[in-house]
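Participant: First residue of the sequence shown: 100, per my numbering; consecutive thereafter.
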Amino acid sequence: MKKFILLFLLIPVFGIAQEGSKDNGKKLRGIATIYASRFNGARTATGEVFKHSNLTAASNNFKINSWVKVTNLSNLKSVIVRINDRMHPRMAKMGRIVDLTQAAAKLLGGFDGMANVRVEALAGTPPVD
C-alpha cells in the first residue's frame, strides 16, 4: 500500500500513469501542453486544417477521432475535445499525454504552457449544446 501511495504522489513529477485498460473509459494522468502557434493552418493527422479556435487535441495515447475529457488537476476544470492529431514521439518521453488548442487550454483555466491533467476517453459523441 505504501508503494502505491508513493507512486501516486510521484505521477505529476515523473509522467504518465494509466488508470484504466480499455479504450472507452481509459484514463491517464500526465502533462498537457498547448500547440505552438506556428501549427495554426497546418494539416492534422485527420487531414483537417488545424485551428487554435477549435476544441481539438493531439495525443499518441488515444484513437484518432475519439472524444476525451481533459481535467486540469490544479483547479478541476474540464473540457471535452476530439483527438485529431498525433504528437511527436519525443513528447511522450517527457510525460506529455495531450497537446491542446489555445481554446481548450483557456477553458481549463488558461494554464501557462503546461498543466498536470487527467485525460479520460469517452464513449460515442458528447452532446452538443
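Beta carbons are placed, not taken as given, at the ideal position from N, Cα and C, and that holds for glycine.
(1) Starting from T200, follow its DSSP beta bridges and name the residues at the other end.
(2) Could you check whether I163 and I133 sit closer than 9 angstroms to each other, using their CB atoms as the reference points?
(3) Assuming the contact rule is C-beta atoms closer than 8 angstroms, L154 and A203 should be a hit. Round their C-beta distance to whole Å, please.
(4) Pick helix, strand or coil for M186, following the three-state DSSP scheme.
(5) Per DSSP, what are the beta-bridge partners of M213 in this structure?
(6) Cutting at 6 angstroms between CB atoms, please list the residues of its own chain near L199, excluding the five before and the five after it.
(7) Which residues in the same chain have their Cβ closer than 8 angstroms to the Cβ of V216, if we skip the five residues on either side of it in sequence?
(8) Going by DSSP in three states, L127 sits in which element: helix, strand or coil?
(9) May I ask you to list the residues that DSSP assigns as paired with K150?
(10) Taking only the alpha-carbon atoms, compute the straight-line gap between F138 and Q201 and give it to the nearest angstrom.
(11) If you follow the beta strand (DSSP E) that A157 is part of, which residue opens it and which one closes it?
(12) At what residues does the beta strand (DSSP E) containing K168 begin and finish?
Facilitator: In terms of the structure at hand:
(1) DSSP output for T200 lists no bridge partner at all.
(2) The answer is no: Cβ separation not under 9 angstroms.
(3) Confirmed, about 5 angstroms.
(4) When secondary structure is reduced to three states using DSSP, M186 falls in the coil class, being assigned neither helix nor strand.
(5) T132, per the DSSP bridge assignment.
(6) Cβ neighbours of L199 beyond the five flanking positions: A131, I133 and A156.
(7) Answer for V216: R128, G129, I130, A131, V169, T170, N171, L172, I196, V197 and L207, listed in chain order.
(8) For L127, the three-state secondary structure derived from DSSP is strand.
(9) The partner list for K150 (beta bridge, DSSP) is empty, contrary to what the question assumes.
(10) If you take the alpha carbons of F138 and Q201, they lie about 12 angstroms apart.
(11) Element bounds for A157: T155 to A157.
(12) Where K168 is concerned, the enclosing beta strand (DSSP E) stretches over W166 to N171.
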